[in-house]
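Chains as they are written, first to last, in our numbering: chain X, 224 to 566; chain D, 224 to 566; chain R, 224 to 566; chain F, 224 to 566. C-beta atoms are modelled at their ideal positions from N, C-alpha and C, and glycine is treated no differently. Read the structure below first, then the notes.
There are 4 protein chains.
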Amino acid sequence: MSIAVAVLGATGYTGAELIRLLDAHPEFHIQHLAAHSQAGKRVSEVLPSIASQSANIILAKADDAIPSDVELVFTALPHAAAAKSVKKVLDSGKRVVDLSADFRHPNLNNYADAYGLAHPFPALLEQAVYGLSEHARSSIINASLVANPGCYPTSVLLPLIPLLQHKVIQSSSIIIDAKSGASGAGRAAKTGLLYCEINEGLSAYGLPKHRHAWEMEEWASFYGKQEVSVRFVPHIIPMSRGMLSTIHLTGQHSHQWHGILNAQYQHDAFVRILPEGQLPSTSNVKGSNRCDIGLSILSETEAVVVSCLDNLLKGASGQAIQNANIMFGLDETLGLAINASWP
Amino acid sequence: MSIAVAVLGATGYTGAELIRLLDAHPEFHIQHLAAHSQAGKRVSEVLPSIASQSANIILAKADDAIPSDVELVFTALPHAAAAKSVKKVLDSGKRVVDLSADFRHPNLNNYADAYGLAHPFPALLEQAVYGLSEHARSSIINASLVANPGCYPTSVLLPLIPLLQHKVIQSSSIIIDAKSGASGAGRAAKTGLLYCEINEGLSAYGLPKHRHAWEMEEWASFYGKQEVSVRFVPHIIPMSRGMLSTIHLTGQHSHQWHGILNAQYQHDAFVRILPEGQLPSTSNVKGSNRCDIGLSILSETEAVVVSCLDNLLKGASGQAIQNANIMFGLDETLGLAINASWP
Amino acid sequence: MSIAVAVLGATGYTGAELIRLLDAHPEFHIQHLAAHSQAGKRVSEVLPSIASQSANIILAKADDAIPSDVELVFTALPHAAAAKSVKKVLDSGKRVVDLSADFRHPNLNNYADAYGLAHPFPALLEQAVYGLSEHARSSIINASLVANPGCYPTSVLLPLIPLLQHKVIQSSSIIIDAKSGASGAGRAAKTGLLYCEINEGLSAYGLPKHRHAWEMEEWASFYGKQEVSVRFVPHIIPMSRGMLSTIHLTGQHSHQWHGILNAQYQHDAFVRILPEGQLPSTSNVKGSNRCDIGLSILSETEAVVVSCLDNLLKGASGQAIQNANIMFGLDETLGLAINASWP
Amino acid sequence: MSIAVAVLGATGYTGAELIRLLDAHPEFHIQHLAAHSQAGKRVSEVLPSIASQSANIILAKADDAIPSDVELVFTALPHAAAAKSVKKVLDSGKRVVDLSADFRHPNLNNYADAYGLAHPFPALLEQAVYGLSEHARSSIINASLVANPGCYPTSVLLPLIPLLQHKVIQSSSIIIDAKSGASGAGRAAKTGLLYCEINEGLSAYGLPKHRHAWEMEEWASFYGKQEVSVRFVPHIIPMSRGMLSTIHLTGQHSHQWHGILNAQYQHDAFVRILPEGQLPSTSNVKGSNRCDIGLSILSETEAVVVSCLDNLLKGASGQAIQNANIMFGLDETLGLAINASWP
């Protein structure tokens, strides 16, 4: 008995990844796809990578009615636009996994600071669950609205949370130097995203404070039960997929940190703690829903944590499916790869 | 009831791809992995991309005994070495899918010309089936030994065979200009394969006659029931996966060609004929087991066919799994992606 | 005594390359730069790669008056727009090197067929010289207007012309399979040119007849003194710079062809004929103004010629400087690299 | 009157870059090239990118006598091997620019810690000058032996030195998160450097303490006149050339830092301080000898400095030429590009 789902914002990179995954999922099937600017076209015209059952679906407009038998809607829309759609979908009694930032900030000031606008539907925030799957399963299972975490925050929070909870690291001015492949910047036709502008180049961006820094601080503080502040510098890298966060930590008893991470995630299929001293590569998570975490100890008080994921999978659409699995009481790993597609 | 399989040559690019696919396959499970130079190590040490059940297998030596409950062996070894292993495996009563070139040439002269050595076990050739899945299903199902086709030949034979069979194209001096990502060149540590030597560069190689030209000619002639000769120029491209063959054709009634291709492959999940005039991209097959084929008509007597596949999937390990599915009476698409992993 | 020059269309890829080269040129200096959409900005704001004398120039509008002491104007504008600017510049008594296609076609029908519009100033075509430097020096030196050749035609005409002139190759249906890096597609903000759409992908385009096919046919026929027709299939490759044309030839006395090419270009600094059987790579011409040509003989009547250049140098801005050197009686190699920037 | 020079270790990436630059240099000319493993071959056979005067030089063995009229020798050899060659060359009365690490450490303990061996010729260290050009011109001009700085140290020391000298930044645990293109890892045939292992991947390496960390600490301490310690994490990036160091700083009066950097380098052709808040990209220095430095202020006590260079130019062979220019009293910029080769 298959569960009918819809995707709004189907033709961006995260939307396309959702279609790819859902068409191969044993329990979900796509009933409705919307993409405003491409409405009326067949999916395969806009996304020639799709050749399975969804290929022949005609793309609906953003505002078209969603069939009544759809139980779950994925919204892969820009912030603010997403909130509007989410409101309508919830009102119609369906459940939602929202991939935008609109419901990630219970703290309205953080949302306003990060996104430069007042939240359009603050009342909805009460029912939103921040879907960092490994840390929120019991809330996700009953949620009507899951706010899917950002890619950078996922890569950072997974290693930080257990270390903060064990109070072995300093929580002020944690330095996070992160690197992302270009698909993280989305599919808008901008000069700065052209092949020749990204290829053979490397740059930092988003300073002095990138939007995801607020998200990291808010949820690291929440889970760590202490005020956390980060100095976060993201970079764009000439590759399509992949994200790596290098986290420069100071604290105490650094020889215990590896054990803390190991104990936290030993039963989680999608988080792998590498042997101490071994560092992960984005190559080894690309195409999978995994986050690989490595730790190198510099001294009793200093260590470097490196965390890798595929920004379109564990950093977006993959974690969205993982959350959907949890919401519907399915095995969390259904339809998601554990092995990376390498090389 | 799961079928136990083994992979010999597990740590090259095609071996790693086999492990990735088999660990997610619903009917096969890996029982034995061998990789001579890495024997004794855990899979995850050598292939950190693997994190599922096979990650903890200890790699055997090439000559170690294969457990008796293994029913099927994939050999992903260099030519000549492969033949020796295949002989032993067949003698022990197991079935084999061989990814090398050793059993692709019923014509022993072609093998000798292409590989520069006399075939070590010519007697075995009688039981070998050339595993171009879409054209050999009825032979594959009973085969003890499937010779998995080369990547270039697969991309070329799929469009050529129906056109030859309908006698609408000239069969002499067919010009094939092909382009392959670097993974097609294998994982040996050679200066010419270093990142900085391949990146931002482009070159032809393999002239005057690349080994795969003999394979194309032999099987195009066999299926086309006429003497076929090709002028084949391969190129290496700065990307990891993907292969594109541009086939410059001369013949008659070119307006019929698209219909011929369409009719041939309309029921095949892994071959997609694009609308006439539309050209495929390797991006849209990467990570899938598909071959996409496009046709552009230049005149009543001339057309260009462009054929794309992922050289590690439909060009190697994917087609090997497809053949294994057929051998064991399973749905041919089991464990193989139809949608590409894009971007 | 330095010669003052101007560049119109300064902020595209070919414009930027002209600035880079001219700022390091011992005899030319930039006096005026125009770029309509960026007018009013400093060069270094729009092109941070420029840090030498031109960095502080304020970009003019396309229609702004060009200072009277400017003797030579490079027009790096889209076709049709270029013709209009060229007309004005010539009327003001300055000389022009035009990098667009507007003055490459003495045959007005070819221009109309290739570009889909009637030529706006056919009278000017009489004074235009097609600037394939190695074959037109004596005309270039006195020209008021040099039509700089297209990138694909340059890579193809250099090897074809001497072979045609010696009447050793067939001139009908010459098959040219060409591959270009993404900078050849220009700097317009289009979805299809985004990093993630080009990277790890490969596709053919421009069928059934790409604009440059007319240019090749027109000039191969002119220099070869016979009717030449080509079947030309270009491809876009995931790299920034570089172009490779694989030319599949049929003819007679193929053992003479290498000697013909060698004899033709032995005194040309920017054309290198590789030893017979050795094939060129775009890596070895990137950043230089060279065209490298290799020949592999398949039989007495068949051979493959491979020709490589940097599409922004010998394929555009480099050849433009070479032509400007010739126009002003300077050493043809001034300001142009002979060695490639490798890796 | 041209100065004769030699290059030992001519066929690695830094050696090839020296040849490219020297062949276009107006005052130096190459008299002798040695490359042990390739001795006896013509340069163009081993480095097809070279087509100018050096292309026909026959490569000598490492130990072959260097012609007596050679005045300057560049040694581009692995550490330890370099020291041996430098000793011989100095004994013969020639001057040397050594690109290895062998003479970068006046502190012998640092050398031993970083390179794991005792220095073979400690006596020579007295005459060695650390060639960070912008800070050592008056010593370089008379030096017989210039130790050319490492790529990472150059990118880090240029911004750090003035800030340390003005005592506005904390000197302990400065966090440096650096990223390098693959050419920085050299040209040895190792599996880990293959195209498919680097492409579409990203990883940190060299922890807990990379060799260049000692070099940074030693010279930052020397020039800053205080004990400096760094936490240095390098990463390898899928691009051929380019290096970016993100330096996370804490201190005081951060609003003064931009002015300090500006004042220091305003007359240096090869160091560009970007407007405050603007961040550099390696794309804009590739192919040039420049280091671009950007500064983003986070608070009165915190800022991020980002520093970019081309690792084969300002990070190696370009700075070596700059030092050679200084040694022979030439204009420091001779033969070196100021504009980047973009895209």
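What would DSSP say about Ala262(R), mapped onto helix, strand or coil?
Position 39 of the third sequence, counted from the start, is the residue given in the question as residue 262(R). Note: Ala262(R) maps to coil in three-state DSSP.
Could you tell me the boundaries of the alpha helix (DSSP H) in which Met550(R) lies?
Here residue 550(R) refers to the residue found at position 327 of the third sequence. Segment 541-550, the alpha helix (DSSP H) holding Met550(R).
Going along chain R in order, which residues have a C-beta closer than 8 Å to the C-beta of Met462(D)?
Taking the first residue of the second sequence as position 1, residue 462(D) is located at position 239. Within 8 Å Cβ-Cβ: Asn422, Glu423, Gly424, Leu425, Pro461.
From what residue to what residue does the beta strand (DSSP E) around Ser530(D) run?
The sequence position of residue 530(D) within the second sequence is 307, counting from 1. Taken as a continuous stretch (DSSP letters only), the beta strand (DSSP E) holding Ser530(D) covers 525-532.
Does the separation of the CB atoms of Ala283(X) and Ala262(X) fall below 8 Å?
The residue you call residue 283(X) lines up with position 60 of the first sequence. The residue you call residue 262(X) lines up with position 39 of the first sequence. Going by C-beta atoms, Ala283(X) is nearer than 8 Å to Ala262(X).
Can you find the residues in the same chain that come closer than 8 Å, C-beta to C-beta, to Ser267(R), ignoring five residues on each side of it along the sequence?
One-based indexing of the third sequence puts residue 267(R) at position 44. Counting only Cβ-Cβ distances below 8 Å, and skipping sequence neighbours, we find Ile273, Ala274, Ala278, Asn279.
On a CA-only basis, which of Thr298(X), Ser291(X), Asn333(X), Asp292(X) is nearest Leu241(X)? Give me that one, please.
The residue you call residue 241(X) lines up with position 18 of the first sequence. With distances taken between Cα atoms, Leu241(X) lies closest to Thr298(X).
Taking the alpha carbon of Ser362(D) as the point to measure from, which residue in Pro498(D), His259(D), Gly538(D), Asn546(D) has its own alpha carbon closest?
Taking the first residue of the second sequence as 1, we reach residue 362(D) at position 139. The shortest Cα separation from Ser362(D) among Pro498(D), His259(D), Gly538(D), Asn546(D) belongs to Asn546(D).
When the Cα atoms are used, what is the spatial distance from Thr473(D) to Lys413(D)?
On the second sequence, residue 473(D) is found 250 positions in, with the first residue counted as 1. On the second sequence, residue 413(D) is found 190 positions in, with the first residue counted as 1. Going by the C-alpha atoms only, they are around 39 Å apart.
Between Pro574(R) and the rest of its own chain, which residues show a CB-CB distance below 7 Å, the 5 nearest in sequence each way excluded?
Absent from the structure is residue 574(R), since the part of chain R shown begins at 224 and ends at 566.
Under three-state DSSP, which class holds Gln475(X)?
In the first sequence, residue 475(X) corresponds to position 252, counting from 1. DSSP places Gln475(X) in coil when its eight states are reduced to three.
Counting Cβ pairs closer than 8 Å, one from the region 437-450 of chain D and one from the region 527-535 of chain R, do we hit at least three?
No: fewer than three Cβ pairs fall under 8 Å.
Counting pairs of beta carbons, one from the region 490-497 of chain D and one from the region 505-518 of chain D, are three or more of them closer than 8 Å?
They touch, by the three-pair rule.
Helix, strand or coil for Ala274(R) per DSSP?
As a first step, residue 274(R) is located in the third sequence; it is residue number 51 there, counting from the start. Ala274(R) falls in the coil class under three-state DSSP.
Flag this pair as touching only if the region 382-396 of chain D and the region 383-396 of chain F have three or more C-beta atom pairs under 8 Å; answer yes or no.
No contact exists between the region 382-396 of chain D and the region 383-396 of chain F.
The region 476-500 of chain D: which residues have C-beta closer than 7 Å to a C-beta of chain R, in chain order?
The region 476-500 of chain D vs chain R, Cβ under 7 Å: nothing.
So what's His407(F) in DSSP terms, helix, strand or just coil?
Counted from its first residue, the fourth sequence places residue 407(F) at position 184. It is worth fixing the name first, because residue 407(F) is Gly in this sequence and not His. Note: Gly407(F) maps to helix in three-state DSSP.
Can the beta-carbon of Ile384(D) be found closer than 8 Å to that of Arg454(D)?
Indexing the second sequence from 1 puts residue 384(D) at position 161. Indexing the second sequence from 1 puts residue 454(D) at position 231. No, they are not a contact pair.
Closer than 8 Å, CB to CB, is Leu416(F) near chain D or not?
Along the fourth sequence, read from residue 1 onward, the residue named residue 416(F) stands at position 193. Output row for Leu416(F): interface = yes.
Less than 8 Å separating the beta-carbons of Gln254(D) and Ala288(D)?
The count along the second sequence starts at 1 and reaches residue 254(D) at position 31. The count along the second sequence starts at 1 and reaches residue 288(D) at position 65. No, the Cβ-Cβ distance between Gln254(D) and Ala288(D) is not below 8 Å.
Considering only their Cβ atoms, is the gap separating Gly424(X) from Pro461(X) smaller than 8 Å?
The sequence position of residue 461(X) within the first sequence is 238, counting from 1. The sequence position of residue 424(X) within the first sequence is 201, counting from 1. Yes.
Excluding sequence positions up to five away, which residues of its chain have a Cβ less than 7 Å from the Cβ of Ala560(X)?
Sequence index remark: in the first sequence, residue 560(X) carries index 337 (1-based). Taken in chain order, the residues that qualify are Gly510, Ser511, Asn512.
From what residue to what residue does the beta strand (DSSP E) around Val309(D) run?
What you label residue 309(D) is simply residue 86 of the second sequence in a count that begins at 1. No beta strand (DSSP E) contains Val309(D), which is instead part of the alpha helix (DSSP H) from 304-314.
Just to make sure I have the definition right: I need the residues of chain D whose C-beta is within less than 7 Å of the C-beta of Glu523(R). Which are they?
Residue 523(R) sits at position 300 when you count from the first residue of the third sequence. Simply none; closest approach about 12 Å.
Can you give me, in chain order, the residues of the region 239-251 of chain D that have a beta carbon less than 9 Å from any beta carbon in chain X?
Taking 9 Å as the Cβ-Cβ cut-off against chain X, the residues of the region 239-251 of chain D that qualify are Ala239, Glu240, Ile242, Arg243, Leu244, Asp246, Ala247.
Since Cys514(X) sits in a beta bridge, which residues does DSSP pair it with?
In the first sequence, the residue the question calls residue 514(X) occupies position 291. DSSP, once it has assigned bridges, lists Val494(X), Leu532(X) as partnering Cys514(X).
What residue does the alpha helix (DSSP H) around Val230(F) start on, and which one ends it?
Translated into positions along the fourth sequence, residue 230(F) becomes position 7. First-last for Val230(F): 226-231, but that is the beta strand (DSSP E), not the alpha helix (DSSP H).
When burial is assigned at 16 or more other CB atoms within 10 Å of the CB, is Asp325(R) buried or exposed?
Reading the third sequence from its first residue, position 102 is the one you call residue 325(R). When all chains shown are included, Asp325(R) counts as buried.
In chain order, what residues of the same chain lie with their CB nearer than 6 Å to the CB of Leu467(D), ignoring the 5 residues before and after it?
Counting from 1 along the second sequence, the entry for residue 467(D) is found at position 244. Closer than 6 Å at Cβ, skipping near neighbours: Lys402, Thr505, Cys531.
Please work out which residues of its chain come closer than 6 Å, Cβ to Cβ, to Ala366(R), disregarding the five sequence neighbours upstream and downstream, and give them in chain order.
Sequence index remark: in the third sequence, residue 366(R) carries index 143 (1-based). Correct list, in chain order: Val352.
Output yes if chain X places a C-beta closer than 8 Å to the C-beta of Ser519(F); else output no.
If you number the fourth sequence from 1, residue 519(F) lands on position 296. So yes, Ser519(F) belongs to the interface.
Can you tell me which of the three DSSP states Arg243(R) falls into?
Along the third sequence, one-based indexing puts residue 243(R) at 20. Residue state, collapsed to three classes: helix.
So who's on the other strand from Lys402(X), going by DSSP bridges?
On the first sequence, position 179 is the one that residue 402(X) refers to. Answer by DSSP bridge pairing, in chain order: His458(X), Leu467(X).
Does the region 534-545 of chain X come into contact with the region 366-380 of chain X, if we say contact requires no fewer than three beta-carbon pairs (one atom in each stretch) closer than 8 Å?
With a cut-off of 8 Å, the region 366-380 of chain X and the region 534-545 of chain X count as touching, because enough Cβ pairs lie within range.
How should Gln449(F) be labelled, buried or exposed, when 16 other C-beta atoms within 10 angstroms of its C-beta is the threshold for buried?
Sequence index remark: in the fourth sequence, residue 449(F) carries index 226 (1-based). Gln449(F) comes out exposed.
Cβ closer than 9 Å: which chain X residues qualify as neighbours of Arg410(R)?
Counting from 1 along the third sequence, the entry for residue 410(R) is found at position 187. Under the 9 Å cutoff, chain X gives Thr414, Leu417, Cys419, Glu420.
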